[in-house]
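Residue numbers (the working numbering), protein chains in the order written: chain S, 5 to 113; chain D, 70 to 803.
Comments concern the structure below.
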């Protein structure tokens, strides 16, 4: 999908589901799930190990993905792969949201 | 040989009638009266026209005249008074005569079917009646049994006169038997029954109104019966009709929509023990013809119908009544654009009978006619019995969180009223469907109709997007056509969405949604109304279908979901319509012994219309609105006609109207011309629409101008590229 220059947009991130996803349906009947992912890891920066923490909103659209999201309860560890986009069309601060393409439930560590 | 000319109105869009030679087997001329149908050759086809007059000679040379084919009726199908009315309508509305006269006829007669008019001459026992009689029925009603016995002895039937020699004329019991299907009519004499049941007692205002009209039954007089909702206007109508029937005359009653006034109809049927003819658009052609004939030959003493029933022939009219006279459905919006109320007034004058216009929210035109002395004003200022007028409260929804358009205070009030045993509430929103449009949450794309300048409405249950202007339908987009996002959302509220929201809040209560979608199937409206009456559904949500005429005694709260709708309309009548709607909807609250309240959600609690209407009432609003109309030189202080044109190309309507305007400039004297301008919704069903407004301060001047102008419009070059129409006294300026 990202063969063209400047078309690359991919994020792979793992973390815990903050709370059970909210699921609604578009007027055409397509399910849309939304939840927040809590990420916490240690990463290398300038040769020094540091903590990386963030909370990111995740969208999952379509029957196949939403079926998997339904199984996730709060605290579930997941790995999500997808792309970033603005979360709405309003003016002002652009908030980002991760649009899921693959989602995977991880074993509890 | 003496050969005359027949002048005939032939259905066609041409602004003229046509001259024909009589058919070869023509009956004697003295028997040829205006109002008979004539089959004529027209172009390459045949048409059924109406004979207007028999002339000595035609302006056309005889060799150009074609002979008519056939005279279809022995006697005039359309009585002279209706011929006059049609003639008046054709002149006033400047419409092609053929189409006007066609409007007067039921469709089957227009197609040339035999009129087969019948009148009740006597009675005959039916097979069912004979069988039941043999079994000893009816056991309890001795008079009916006696009548059956006489008729059973003469299975071929008896005339009224023969029957009278055996029993004293017992119309009531004969009719009971007839309704049971035990006897049938023997093709017919006029029969107007005079039996009435013990009526409710009237209050002082009602008595005065009835007395005033009773005294005027012998001539023309227009009355405006201006009574608040629940003030007993129907009872006044009933009394007047009873008096008229007792004099052996007929009553014509016009109502906005039959389907929406079942209760009015039921009351008339209950109280007047006479034959009613009901005329409306949901009838089959055959049913319509039968009702028309019953009215024409006088066997129906009371005729109730919608707009087009103003053209019903009556053999002996006694009064005309228009219920909800302010209702816009009385104005025909296509073809022959007549206003049934205005035509009814002309008809009453021609027939020298009184006409009663009833409303809780009279049209400003009618109030103006009261001011200038043309109508007599009869007021019913208070509700009947113990019921009180509802209190009205404005709910400021600015800064409020709205859950699907419903504010928390509104929900709380609903809960309080529904907590009472049997309590019912009603929510009003004049927008059917789920949401007025679909929006992309990511890029802002909106769903548009490709044939109209309008959004597509989301219908949830049908899973369709529908254009409410041209009917275009498509499935709901799965993803945004502009950016591909699947996060499309329904924007705004329709009745279907409110219904869903209320289901979440009140999962255990039955909800009745009443709009054109939920009542499409035959009988479904009646079913919903029954459920409401029996208390099985306690939450009512609906469009303007709910606002008219219904009586729900247990409704104690009425909520107007979107009070802002209509406050800022483009049409100068928008305010008047809004005020009428609020008062009519409010009138549904607290009609029995229960105190009602009305809540209006608005973002404009200080809007002058709402303030005047709520603190001082409709009459004060109307006075203020009339003042504004006078200052702005708008109807009813001026007179308007609207020339509309439409075409597939954007330029053609404008070009035609430009030519029309130039033509007008050569004729106009004291005439104002505004436009041409694009219609407020320029494109509709793939056609571009423009309009030219004609306005002047005198009605006579307007019509003198139109007389000259309209006839010449057909000669304009640009006319071939457009479809055009003229609307005299337009009710909507688009």
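Every residue, glycine too, gets a C-beta built ideally from N, C-alpha and C.
Residue-chain proximity (residue i, chain D), Cβ-Cβ < 8 Å
i	result
residue 102/S	no
residue 36/S	yes
residue 8/S	no
Any chain S beta carbon closer than 8 Å to residue i
i	result
residue 574/D	no
residue 507/D	yes
residue 532/D	yes
residue 529/D	yes
residue 794/D	no
residue 545/D	yes
residue 187/D	Here residue 187/D scores only 43 on pLDDT, less than 50, and its place in the model is too uncertain to base an answer on.
Span of the beta strand (DSSP E), counted from its first residue to its last, around residue i
i	result
residue 795/D	792-797
residue 534/D	533-535
residue 35/S	35-49
residue 510/D	Element bounds for residue 510/D: n/a, residue is neither H nor E.
residue 105/S	100-109
residue 57/S	52-65
residue 79/D	Element bounds for residue 79/D: n/a, residue is neither H nor E.
residue 254/D	252-254
residue 723/D	Not the beta strand (DSSP E): residue 723/D falls in the alpha helix (DSSP H), residues 720-736.
residue 707/D	Careful: residue 707/D lies outside any beta strand (DSSP E) and carries neither H nor E.
residue 526/D	526-528
residue 743/D	741-753
residue 462/D	460-465
Buried versus exposed, by CB contacts within 10 Å (16 or more), residue i
i	result
residue 515/D	exposed
residue 48/S	exposed
residue 639/D	exposed
residue 440/D	exposed
residue 322/D	buried
residue 152/D	buried
residue 106/S	exposed
residue 430/D	buried
residue 532/D	exposed
residue 783/D	exposed
residue 45/S	exposed
residue 786/D	exposed
residue 488/D	exposed
residue 58/S	exposed
residue 637/D	exposed
Per-residue contacts from residue i into chain D (C-beta, under 9 Å)
i	result
residue 90/S	511
Under 8 Å by beta carbon: chain S residues contacting residue i
i	result
residue 559/D	31
Opening and closing residue of the alpha helix (DSSP H) in which residue i lies
i	result
residue 680/D	677-685
residue 486/D	477-488
residue 157/D	149-162
residue 247/D	240-249
residue 349/D	Looking at the DSSP string, residue 349/D is not in any alpha helix (DSSP H), and its letter there is neither H nor E.
residue 437/D	433-440
residue 777/D	768-782
residue 392/D	First-last for residue 392/D: 386-392, but that is the beta strand (DSSP E), not the alpha helix (DSSP H).
residue 327/D	It is not in any alpha helix (DSSP H) - residue 327/D carries neither H nor E in the DSSP assignment.
Contacts of residue i in chain B (Cβ-Cβ under 8 Å)
i	result
residue 65/S	Within the model displayed, chain B is absent; protein chains S and D are what it includes.
Point to revise | Within the region 588-675 of chain D, ranges of the alpha helix (DSSP H) (whole runs, at least 4 residues) | key: 593-602 and 643-655
Can you give, in chain order, each stretch of the beta strand (DSSP E) that sits fully within the region 271-320 of chain D and has at least 3 residues? 290-296
As an exercise, report each continuous beta strand (DSSP E) stretch of at least 3 residues that is fully enclosed by the region 534-569 of chain D, in chain order. Fully enclosed beta strand (DSSP E) runs of 3 or longer: 542-544 and 557-560.
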